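Residue numbers (this note's numbering): 2 to 124.
Worksheet: one structure, shown below.
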């Protein structure tokens, strides 16, 4: 069985810009991800300006996800950020086939189905 697409959860922080906001840098990374065609989601973790972490996930084949993360770093550095720290958690599966871009979506759907049953049981 071939390796199924993976999911990469990324926590990244832009530092050393001298600016109170990193929104322009994050937007640049989102633009890069949009061009890849990979499924991704982005969200802000902390609103505290001293802790400017962003988080998200990217789903797809291993090499394409790694290329996307590299491209985000390159684009944000090109925009002027001298430092970027990215923590990556990667999950892969070989025990069953998962359609590209549906891994996280399927997990969320399953939990919602379980919670829906709980709500119906209480009614």
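Note that the Cβ used here is the ideal one computed from N, Cα and C, for glycine as well.
A quick note: this is a predicted structure, and the numbers were derived from the prediction, not measured.
- Residue pairing by DSSP places residue 15 opposite 85 in a beta bridge.
- Separation of residue 96 and residue 121 (C-alpha to C-alpha, rounded to the nearest whole angstrom) is 33 Å.
- Each residue's CA atom was taken as its position, placing residue 107 and residue 39 some 16 Å apart.
- Approximately 15 Å separates the beta-carbon atoms of residue 71 and residue 57; this is outside 8 Å, ruling out the contact.
- Classified as exposed, residue 17 has fewer than 16 neighbouring CB atoms from the shown chains inside 10 Å of its CB.
- Judged by their CB atoms, residue 23 and residue 15 are nearer to each other than the 7 Å cut-off.
- With 16 or more other CB atoms across the displayed protein chains lying within 10 angstroms of its CB, residue 60 is buried.
- In chain order, 29, 33 place their CB closer than 6 Å to the CB of residue 76, counting only its own chain and leaving out the 5 sequence neighbours on each side.
- With respect to the C-alpha of residue 91, the residue from 124, 85, 67 having the closest C-alpha is 67.
- Distance from the Cα of residue 100 is smallest, within the candidate group 19, 20, 62, 25, for 62.
- If you look at residue 70, you'll find it in the alpha helix (DSSP H) that goes 63 to 79.
- Bounds of any alpha helix (DSSP H) do not take in residue 97, whose DSSP letter is neither H nor E.
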